[in-house]
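For reference, the structure is listed below as structure tokens.
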Amino acid sequence: MAQHTQTAGKASLDLDLRSFKPTRGFVTVVVSTLALLLVCVIFAPSAVSAGGLAGSLPFAAIIAIVGLGQMLVVQQGGFDLSLAGGVSLAVVITTHLSGGDDAQLFGAIGLAFVCAVVAGLVNGILVGVLRLNAIVATIGMNALLYGAVFAVSGGVPRITTPLMAEIAGGKIMGIPHSVLFALAIMLIVSFVLKKTVVGRRFEAIGANPAAAHAAGLNVRLYQAMAYVFAQLHYCVAGILISGITREPTAFQGDSLLLPSVAVVVLAGTSLLGGRGFPISTVIAAFFLNQLSQFALAVGVPFSAQTIIQALALVFGIGVYSLRWKQAATKRALKSKTEETDNV
Amino acid sequence: MFKAKTMTAACAAATLTMALAATTVLAETPSWCGPNQASLALLDGFGGNSWRLVTTASGAEEAAKCPSITQYEYADGQGDTQKAISDINSMAARGIKAMVVFGDAGPAVLPALTNAHRAGTIVVPYRVNVGGTEGENYAKFIGSSFVEDGVSWGNWIKEVLPEGGNVLFLSGPAGNSQGVDELAGMKQVLDDKYVFINPEPFAVTNWDPSLTQQVLSAEIAKNDKIDVIVSDFGPSLVGALPVFAEFGRSIPALATSDGNSLSCFWEQNKDANPDFKLFTVATGNDNVRLAVQWAVALATGGTPPTDEIFKAPVFENSVSGTPNPVTCRPDLPGSIYLSAEMADDAQAKAVGQ
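Right, dumping it as structure tokens:
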């Protein structure tokens with residue numbers, strides 16, 4: 001934590017230099033991903049064939065987008081369990097309210113965004129302003145969102161509109177649109193977090209809310225807004241799912257909660273809050289998805305995939321916990337030497 | 344039990360009135376409808392998808408054929424085993440004469456069913472095996488012959504691929520008994536020339552279209568040759584089948600259960616995919632009708648039907664056109680089932696479109 005505050009405080013001075021220096025989390029994720037790709041090439045070449053990737057990348061993109069949303073909340077030391085409801089609601093609003101009619105699609109998408117903002121604001125006020133526990137507040141919100149899902153859909157899946165299928169499922173030069181959406185969102189999040197005053201303040205508050213408050217920053221506002229922007233990410237993911245999957249169920253968000261947390265942790269964002277790593281998060285999403293594809297390609301039962309994701313999460317937490325220990329020992333040694341020097 | 348009383352309010356809200364169906368029938372009283380008056384409840388373990396909505400509406404329609412049924416109730420367990428048990432207790436406490444139960448939770452609901460049975464209610468579980476024995480734990484179990492489905496698919500596969508080939512079998516959650524039974528049916532008919540390329544006993548999809556898409560793309564990438572795909576939930580494949588185009592391959596033959604969205608998908612894609620032949624068995628919404636007939640017969644003193652197991656009939660065959668050619672109704676929602684006895688537009692209404 002102390003380290004984070006220091007970094008955030010110096011942000012304006014060495015921003016440019018630091019942004020080009022790969023973090024440890026980034027190196028870990030990239031090395032793991034390359035190793036996984038190598039293993040795939042040797043043991044399960046079909047998982048890295050062009051067709052195999054084309055089939056699986058859209059789902060990696062979805063995990064990346066929800067992961068980026070979850071990352072914003074985790075950066076503020078929170079957790080957003082309303083992700084499942086948020087994604088599912090966007091899916092059913094897009095498919096049901098448009099009713100298969102392209103002309104009504106954009107109205108439905110607009111409404112989905114409005115719902116996302118409302119849900120995010122309620123979460124934000126409960127957690128940021130009224131100081132409720134994030135897990136409790138977002139579990140409640142998730143139940144409310146599922147109420148809305150049932151109200152809109154009655155639990156019935158409906159087929160997406162042809163336009164939505166084209167927007168989310170189409171390709172430009174062989175690259176699925178959903179991947180381009182994920183990359184664009186990643187660039188925006190990275191830019192805002194790392195290059196704007198608002199973003200720097202956001203990270204500083206996540207790292208040490210008390211210090212940020214003392215420095216005169218509006219801590220509650222920033223913490224609340226994390227939930228709003230997180231919901232917007234879930235909304236985009238839900239809208240894309242409604243196009244990628246031709247007849248999505250009304251509960252499509254359920255399977256995304258665990259992966260969203262897994263990629264945030266794998267990317268090196270501390271669960272205690274602080275710096276976020278958008279690029280690493282997106283690579284981690286690719287890693288996690290590729291891990292599932294590898295498991296499928298070598299014939300591990302699909303039911304084992306949740307276990308694989310959980311193991312990846314444990315691995316991620318393990319790696320960074322060890323790093324903390326080392327860093328803490330080093331810091332302790334360093335401060336001791338400084339004390340001695342001063343004397 | 345006392346808590347169950349509060350449940351009745353919720354159940355009452357879900358009650359389907361007889362008025363809806365009363366308009367459709369009343370022409371003549373079927374033999375399974377006896378002279379004694381009785382009340383009937385349909386209890387669903389999970390009611391939240393289009394298949395269940397059509398099934399529920401079919402149950403109500405069937406019950407309405409019998410004027411001796413004076414009261415008809417419906418309760419949806421919403422996928423929650425506790426609620427499903429509570430619903431059963433509640434209906435028994437209210438003195439409902441007969442109940443037809445879709446016991447999604449399996450043997451977990453058996454104690455509640457047994458209690459209701461001992462209290463004098465006619466209990467007829469259907470489709471999902473809840474364990475127990477007839478006469479002791481419930482009045483009658485009306486199963487569905489999934490083995491029969493497997494045999495139908497197997498026979499068709501032999502017709503379209505007489506030289507043998509690679510079969511990819513997709514089913515729902517890991518270890519579900521429906522998939523295991525269907526595989527047993529296929530194995531009765533298919534010999535060693537037919538190789539199952541999925542992990543034993545079937546590729547797990549949870550019947551989720553999104554998971555199906557991921558599993559199918561992995562299987563296609565892995566296997567250069569897939570001659571026929573077998574799935575027990577046809578409409579969930581609609582989103583996944585276009586994956587074949589990504590690999591520049593034709594969609595192979597498909598043996599599955601019916602659904603309007605699937606039939607329309609075949610219609611749109613058959614020209615671009617020369618190997619895409621389609622064979623469907625009825626998806627089995629009418630299983631509930633047989634169960635309702637049994638429950639009503641036992642409760643009202645009518646003659647029970649001769650069938651004790653629901654056998655899903657073969658529905659579509661794109662090769663022979665018998666018993667039906669593939670039928671797409673683009674004017675109706677994709678989430679209805681043309682194989683069901685219920686009228687198409689009534690189904691559209693049931694799924695809310």
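In the order they appear, the protein sequences are chains P and U. Here my numbering is used: position 233 in the first sequence is 233, and no number is missing along the way. Here my numbering is used: position 275 in the second sequence is 618, and no number is missing along the way. Just so it is clear, CB atoms sit at the ideal spot from N, CA and C, and this is done for glycine as well.
For Thr623(U), the enclosing beta strand (DSSP E) covers residues 621 to 624. Look at Ile307(P) here: in three-state DSSP terms it is helix.
It is roughly 28 angstroms from the alpha-carbon of Val466(U) to the alpha-carbon of Asp575(U). Secondary structure within the region 601 to 666 of chain U: the beta strand (DSSP E) runs of 3 or more consecutive residues, fully enclosed, are 621 to 624, 657 to 660 (chain order). Across the region 46 to 70 of chain P, CB contacts with chain U closer than 7 angstroms involve Ser46, Ala47, Ser49, Gly51, Gly52, Ala54, Gly55, Ser56, Phe59, in sequence order along the chain. Sorting Thr372(U), Ser382(U), Pro373(U) by C-alpha distance to the C-alpha of Ala642(U) places Ser382(U) at the top. With the criterion set as a beta carbon lying under 8 angstroms from some beta carbon of chain U, the members of the region 275 to 296 of chain P are Ser292, Gln293, Leu296, in sequence order. Between Val156(P) and chain U, the shortest Cβ-Cβ separation is below 8 angstroms. In summary, the residues of the region 578 to 596 of chain U whose CB is separated from some CB of chain P by less than 7 angstroms are Pro578, Val581, Gly582, Val586, Glu589, Phe590, in the order they occur in the chain. Residue Gly391(U) holds the alpha-carbon nearest to the alpha-carbon of Val694(U) among Glu562(U), Gly391(U), Ile485(U), Pro668(U). Under the three-state reduction of DSSP, Ala596(U) is assigned to strand. With 16 or more other Cβ atoms inside 10 Å of its own Cβ, Ser429(U) counts as buried. For Leu621(U), the closest alpha carbon among the candidates Val494(U), Val631(U), Ser661(U), Ser600(U) is that of Ser661(U). Sequence-distant Cβ neighbours of Leu526(U) in its own chain, meaning closer than 7 angstroms and more than five residues away, are Gly493, Phe512, Pro544, Phe545. Two segments are said to touch when three or more pairs of C-beta atoms, one from each, lie closer than 8 angstroms; by this definition the region 181 to 192 of chain P touches the region 59 to 71 of chain P. Contact between the region 137 to 149 of chain P and the region 96 to 109 of chain P is not established, with fewer than three Cβ pairs separated by less than 8 angstroms. Each residue's CA atom was taken as its position, placing Asn480(U) and Leu453(U) some 7 angstroms apart. Under the three-state reduction of DSSP output, Met186(P) falls in the helix class. Two segments are said to touch when three or more pairs of C-beta atoms, one from each, lie closer than 8 angstroms; by this definition the region 602 to 614 of chain U does not touch the region 627 to 636 of chain U.
A check of alpha carbon separations from Glu166(P) across Ala250(P), Thr33(P), Val73(P), Arg246(P) identifies Arg246(P) as the nearest.
Restricting attention to Val314(P), Ile42(P), Ala262(P), the CA atom closest to the CA of Leu68(P) is found in Ala262(P). Nothing from the region 178 to 195 of chain P brings a Cβ to less than 9 angstroms from some Cβ of chain U. For Ile279(P), there is no enclosing beta strand (DSSP E); the enclosing alpha helix (DSSP H) has its first and last residue at 278 to 298. Taking the CA atoms as reference points, Val669(U) sits about 5 angstroms from Glu659(U).
Within chain U, the C-beta atoms nearer than 8 angstroms to that of Ile241(P) come from Ser553, in chain order. Shown here for Leu217(P): same chain residues with a beta carbon closer than 8 angstroms to its own, the five before and five after excluded, namely Arg201, Ala204, Ile205 in chain order. The C-beta of Gly299(P) comes closer than 8 angstroms to at least one C-beta of chain U. Within the region 370 to 403 of chain U, contact with chain P at the beta-carbon level (separation under 9 angstroms) is assigned to Phe389, Gly390, Gly391, Asn392, Ser393, Arg395, Leu396. Where Ala262(P) is concerned, the enclosing alpha helix (DSSP H) starts and stops at 257 to 266. Collapsing the DSSP output to three states places Phe590(U) in coil. Taking every protein chain shown into account, the CB of Pro176(P) has 16 or more other CB atoms within 10 angstroms, so this residue is buried. Just measuring C-alpha positions, the residue of Thr457(U), Ile652(U), Glu506(U), Thr413(U) sitting nearest Gly377(U) is Thr413(U). As summarised for the region 142 to 213 of chain P, there are no continuous beta strand (DSSP E) elements at least 3 residues long confined to that stretch. Closer than 8 angstroms at the C-beta level to chain P, one finds no residue of the region 521 to 538 of chain U.
At least one beta carbon of chain P lies nearer than 8 angstroms to the beta carbon of Lys565(U).
Between Gly402(U) and Val443(U), the C-beta spacing is below 8 angstroms.
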